[in-house]
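Participant: Counting from -3, one number per residue, gives the positions in the sequence shown under this note's numbering.
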Amino acid sequence: MYYKKNNNTRNTPQRRRPPAGNRKTSSLSTTALLQHTKKTPEHSSATFVAQQTYGEMNLHPLLQKNLHKKGYTHPTEIQEKTISPLVNGENLVGIASTGTGKTGAFLIPIIQQLLVTPRTRYLVVVPTRELALQVREEFEALAGGLKFFSACFIGGTSVGRDIARAKRKNHLVIGTPGRLLDLAEQGALPLQGINGLVLDEFDRMLDMGFIKSVKTLISLMSSRKQTMLFSATINPGQEPLIKDIVASSVRVKASSGTESSSNVKQHIIKLSEGENKFEVLHNLLKEKSCKKVILFAETKRAVDKINKQLTRTGIHSDVIHGNKSQNYRTRTIQHFKSGKIRVLVATDVAARGIDVDNVTHVINYQMPQSLDSYIHRIGRTGRAGKQGRAYTFIN
């Protein structure tokens, strides 16, 4: 679908488009993007209806109590398909699109097993800081009052403090590959006692070049008995690597991983030659329906430029990207969640793992690098059965 700008608006004085910095050429063609946006509603699966409640899944009463406190009554599709085999100790590869409850799909079985065997220890490896913090937050909620301890190790925080935390008895260790490997190589984080491994957002770890670090971490886990690998997408070229990591496993699929949610209405904004790109964006953001927006750009430089332009026009916005400190990024996300800012301008990597309710719009100000990246981006909206919109600018 094409979005047409309002021709009654005046031109802004700034005629140049924000610079793209050292942006790589996108491998996603305009034709492929158009084909994807057209086929998604037609091929999307029907709404999932859980066949049982959490109370009917033989989960520990204390875990059920915490699920009830969170307002969770029924499992999502990926959870219904994974909880039983994971509780039984099986290896698993789970494929599901973003916003489908993947975090709960591995945390619920982990907590269930900890309640039965408290000495068990787990490691969760994720590609980004934000996703690591989200996993820890969800674990603390689901394990509230159960006296299970967790630690989160990510870049941008004090190494000395992390070393002290690593020496404590932690039932669940969460972190990004680089920081986990640093601690392990210093002898601060012994991995030989880890029984279960979770690799979340595995496709993005591959994209970000973390696979060597992940393999090294795995080689240090001499007591590993269970591996859970979750990914939004898996392509045939990744299969040999996955089989090497998870030799024998149950495979479940809650969605194809190659289609966008039917809850997201996708639009293409096609710019004419000489048309002011920022003016079109500004007109779009003035619409009342744009209440909570994530806007993606390809480089840190472009993100900063767009944010400054938005601020000058009176739109409450802020940025997250790799040059911002962890405290800044965490505070910005909290402001976005609370509504202090309406537009969050981000790079792909920084936005990975952001879990914010009620995002109304995702805007791709620049074409994403791949179809997988596009699917991940627009998966920030249209969650939990709610409707969302995604707009992508093309020249």
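Note that CB positions come from ideal geometry on N, CA and C, so glycine has one too.
As the structure is a prediction and not an experimental result, all values here were calculated from the model.
1) Compute the Euclidean distance between the alpha carbons of P114 and L195, then round it to the nearest angstrom.
2) Which same chain residues, not among the five before or five after G151, have their C-beta less than 7 Å away from its C-beta?
3) Mind listing, in chain order, the continuous alpha helix (DSSP H) runs of no fewer than 4 residues lying wholly within the region 82 to 152?
4) Have a look at the DSSP bridge pairing and note the partners of V341.
5) Using the C-alpha atoms, what's the distance from V121 back to I207?
6) Skipping 5 residues on each side, what residues in its chain have a beta carbon closer than 6 Å to that of H70?
7) Could you check the C-alpha separation between D158 and L58 for me, to the nearest Å?
8) Return helix, strand or coil for T377, following the three-state DSSP convention.
9) Identify the continuous beta strand (DSSP E) that holds S227 and give its terminal residues.
10) DSSP three-state call for K282: helix, strand or coil?
11) So, with DSSP's three-state summary, where would you put K266?
12) Taking the beta strand (DSSP E) that Y361 belongs to, which residues open and close that run?
13) Is it true that the CB of Q188 sits closer than 8 Å to the CB of M217?
14) Under 6 Å Cβ to Cβ from Y370, same chain only, skipping five residues before and after it: list those, please.
15) Per DSSP, what kind of secondary structure is V169 in: helix, strand or coil?
16) Any idea what DSSP makes of Y387, helix, strand or coil?
17) Hey, is the region 328 to 347 in contact with the region 224 to 232, meaning 3+ C-beta pairs nearer than 8 Å?
18) Compute the Euclidean distance between the alpha carbons of K392 and I329, then round it to the nearest angstrom.
19) So, under 8 Å CB-CB, I238 and L168 are touching, yes? Tell me the CB distance rounded to an integer number of Å.
20) Would you mind sorting P186 into buried or exposed? The rule is 16 or more other CB atoms within 10 Å of its CB.
21) Does the Cβ-Cβ distance between G384 and V352 come in under 8 Å?
22) Find the nearest neighbour of K65 within the set T116, A137 and D203, judged by alpha-carbon distance.
23) Would L110 and F144 qualify as a contact pair, given that the criterion is a beta-carbon distance under 8 Å?
24) Of all the options A184, R338, N360 and T78, which has the alpha carbon lying nearest to the alpha carbon of K282?
25) Can you tell me where the beta strand (DSSP E) holding V194 begins and where it ends?
26) Let me know if E294 comes out buried or exposed under the rule of 16 or more other beta-carbons within 10 Å of its beta-carbon.
27) Indicate the three-state DSSP secondary structure (helix, strand or coil) for R164 in the structure shown.
28) Have a look at G192, Q305 and I79 and flag the residue whose alpha-carbon is nearest the alpha-carbon of S219.
29) Roughly how many angstroms separate the alpha carbons of A180 and D199, rounded to a whole number?
30) Going by beta carbon distance, what residues of the same chain come within less than 6 Å of N303, once the five residues before and after it are set aside?
31) If you draw a straight line from the C-alpha of V260 to the C-alpha of T377, how long is it?
32) Could you tell me the alpha carbon to alpha carbon distance between A101 and I79, rounded to whole angstroms?
33) Tell me which same chain residues have a C-beta within less than 7 Å of the C-beta of H278, skipping the five on either side of it?
34) Pick helix, strand or coil for K382, following the three-state DSSP scheme.
35) The alpha helix (DSSP H) with L208 in it runs from where to where?
Facilitator: Walking through what the data contain:
1) Each residue's alpha carbon lies about 21 Å from the other.
2) Apart from sequence neighbours up to five positions away, the residues of its chain that approach G151 with a beta-carbon distance below 7 Å are R125, T172, G174 and R175, ordered along the chain.
3) Complete alpha helix (DSSP H) runs here, min 4: 98 to 112 and 125 to 138.
4) L291 and V315
5) 11 Å
6) A46 and T49
7) A direct Cα-to-Cα measurement between D158 and L58 gives close to 30 Å.
8) coil
9) Counted as a single uninterrupted DSSP element, the beta strand (DSSP E) harbouring S227 occupies residues Q222 to S227.
10) coil
11) strand
12) Counting along the chain, Y361 falls outside any beta strand (DSSP E), and DSSP gives it neither H nor E.
13) yes
14) P364
15) strand
16) strand
17) Contact between the region 328 to 347 and the region 224 to 232 is absent: fewer than 3 CB-CB pairs across the two stretches fall below 8 Å.
18) Within the shown structure, residues of the chain are numbered from -3 to 391, placing residue 392 beyond reach of any answer.
19) Not really, about 23 Å apart at Cβ, beyond 8 Å.
20) When all chains shown are included, P186 counts as exposed.
21) no
22) For the residues T116, A137 and D203, the minimum Cα distance to K65 belongs to A137.
23) yes
24) R338
25) G192 to L195
26) buried
27) Residue state, collapsed to three classes: coil.
28) G192
29) 23 Å
30) Cβ within range, chain order: S313, V315 and V341.
31) 7 Å
32) 6 Å
33) T309
34) coil
35) The identity of residue 208 in the sequence shown is Lys, whereas the question assumes Leu. Residues I207 to S215.
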